[in-house]
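The sequence shown lines up with residues 17 to 309 when you count with UniProt numbering.
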Amino acid sequence: VKGSNGVDQIVLRNSQGASAKVSLHGGQVVSWRNDRGEELLFASSKANSKASKAIRGGIPICFPQFGNCGSLEQHGFARNKIWIVEENPPSLPSKDSRGKSFIDLLLKPTEEDLKCWPHSFELRLRVCLGMDGNLTLISRVRNTNAKPFSFSFAYHSYLSVSDISEVRVEGLETMDYLDNLCQKERFTEQGDAITFEAEFERVYISSPNCVAVLDHERKRTYVLKKEGLPDVVVWNPWEKKSKSMADLGAHEYRQMVCVDGAAIEKPVTLKPGEEWTGRLEIIVVPSSFCSKN
Ligand code: TA6
17 VKGSNGVDQI VLRNSQGASA KVSLHGGQVV SWRNDRGEEL LFASSKANSK
67 ASKAIRGGIP ICFPQFGNCG SLEQHGFARN KIWIVEENPP SLPSKDSRGK
117 SFIDLLLKPT EEDLKCWPHS FELRLRVCLG MDGNLTLISR VRNTNAKPFS
167 FSFAYHSYLS VSDISEVRVE GLETMDYLDN LCQKERFTEQ GDAITFEAEF
217 ERVYISSPNC VAVLDHERKR TYVLKKEGLP DVVVWNPWEK KSKSMADLGA
267 HEYRQMVCVD GAAIEKPVTL KPGEEWTGRL EIIVVPSSFC SKN
């Protein structure tokens, strides 16, 4: 199908009626619906889908840089490029394909890209929709260069929530984090779940491989399971920052929370020929809001 920006999108479906939509623009998952057709990812009503920038929402791929800590544009260039469908990618473990509906996308740098980031690479993304409606993203970065290079990576996942004040994030208790709102100063999370009362932007480092995002009102929990992604970014812009974002409705910050599987604090370094894999599986479970366990 064609996206509103005129770029092709691939629709994955499973036999239960769940679906996911992936745009060749940025290799971005732009929609993920459960078997009742409910949208599980946030999509801004003001997403400026014509511009070359990422659509506000879904799961933009931040590569080879996260944020603006580097010489490239914010969150790197991968999310602003047109990817291609790869028919026969190098094989992946069968757990990432058996019984699933999936698509393989590939991004390689153009001569232009090599001028601003002089490292040749292959970035492969497999998006899988399981029989159970779970969404799995597997990214592989291969160094096809003659020299080592380092990069940061994040699945910038905009989860759809009923209201941010009803959301808790569990699994990051006692973890160290860098607070991006105060010059990335390092703190340690106190012992309880994360809740939201104001702008929030933290990078939890060396975090556990399983994080839960509980939405009280919808009795829904997103469980994020990750491999190769040691860090977790948790972000909500809140009201003031939202007003400065042209492609986000003034009050839409209340319907979203970003919880990103990422590799940021310690960038990944690849020698020539080496390959890195970052795998994120998001499972949605009905949750009676069992606060502690
Ligand atoms: O994840 C947090 C963050 O770095 C925020 O600072 C905010 O900039 C957000 O990402 C979205 O970035 P974008 O370039 O998509 O507007």
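The beta carbon of each residue, even a glycine, is placed where N, CA and C say it ideally should be.
Work out the CA separation of residue j and residue i for me, nearest whole Å.
| i | j | result |
| --- | --- | --- |
| Cys144 | Gln81 | 24 Å |
| Asn196 | Tyr220 | 11 Å |
| Val183 | Leu286 | 37 Å |
| Trp48 | Leu122 | 20 Å |
| Thr204 | Ser223 | 12 Å |
| Glu201 | Arg218 | 10 Å |
| Glu55 | Arg158 | 33 Å |
| Phe137 | Ile180 | 38 Å |
| Gly149 | Ala262 | 32 Å |
| Ala70 | Pro164 | 28 Å |
| Ser113 | Gly86 | 35 Å |
| His41 | Glu213 | 34 Å |
What did DSSP end up calling residue i once you bin it into helix, strand or coil?
| i | result |
| --- | --- |
| Asn21 | coil |
| Lys111 | helix |
| Ser181 | helix |
| Arg218 | strand |
| Arg52 | coil |
| Cys198 | coil |
| Asp208 | coil |
| Leu57 | strand |
| Leu122 | strand |
In the DSSP assignment, what are the bridge partners of residue i?
| i | result |
| --- | --- |
| Asn159 | Phe137 |
| Thr152 | Cys144 and Glu297 |
| Gln44 | Ser39 |
| Glu186 | Ala228 |
| residue 311 | The structure shown does not extend to residue 311, since the chain is modelled only from 17 to 309, so the question has no answer here. |
| Cys132 | Per DSSP, none; premise fails for Cys132. |
| Leu28 | Ala36 |
Return the Cβ separation of residue i and residue j in integer angstroms, given the expectation that the two are a contact with Cβ distance under 8 Å.
| i | j | result |
| --- | --- | --- |
| Glu189 | Ser60 | Not confirmed; about 30 Å, so no contact. |
| Leu240 | Val275 | 6 Å |
| Leu57 | Leu175 | 7 Å |
Using a threshold of 7 Å, is the CB atom of residue i nearer than that to any non-hydrogen atom of the ligand ADP?
| i | result |
| --- | --- |
| Gln90 | Absence of the ligand ADP is noted for the structure shown, with the ligand TA6 being the only ligands found. |
Beta strand (DSSP E) segments (min. 3 residues) lying fully within the region 225-301: 226-231, 236-243, 247-252 and 272-286
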